[in-house]
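Start counting the sequence shown at 39; every next residue gets the next number (this note's numbering).
For each residue, glycine too, the CB sits at the ideal point set by N, CA and C.
Computed from a prediction, not measured in an experiment: that's the story for all the values here.
To keep things clear, I will list the structure first and then write my remarks on it.
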Amino acid sequence: MTIDRLGSIDPLSQINKAGKTGKAVKPQGRDTISVSDEAKNLGEVYRAAEMVKASPDIRMDRVEEVKMKLQDPNYIDSKIGDVADRLMEAFGLN
39 MTIDRLGSID PLSQINKAGK TGKAVKPQGR DTISVSDEAK NLGEVYRAAE MVKASPDIRM
99 DRVEEVKMKL QDPNYIDSKI GDVADRLMEA FGLN
């Protein structure tokens, strides 16, 4: 019986041989990016939502303004009259 040699005894010999490498490819130009209109709109919505989240829930300047108006009895009477007029218009009673 004869055994023919099939290959190298060292199994790593095939891995150690370095093959030819290709030439380095130089970039042709600058990288670019394009953003779709939909992405721009979503970005604007996101920015607006973040601004709303960051703003205070109570505007103290408006609270002080209303407190000042409520101290005037004439203001309250005029607003009650305005509300009554709007209710009458809404129900068709004028």
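**Request:** Please confirm whether Lys107 and Tyr113 have their CB atoms less than 8 Å apart.
**Result:** yes
**Prompt:** Can you tell me the Cα-Cα spacing of Glu103 and Gln109, whole angstroms?
**Reply:** 10 Å
**Request:** Could you check what DSSP says for Ile71 in three-state terms: helix, strand or coil?
**Result:** coil
**Request:** Kindly indicate which three-state DSSP category Gly37 falls into: helix, strand or coil?
**Result:** Residue 37 is absent from the structure shown; the chain starts at 39 and stops at 132.
**Asked** Ends of the alpha helix (DSSP H) at Ser93?
**Response** It is not in any alpha helix (DSSP H) - Ser93 carries neither H nor E in the DSSP assignment.
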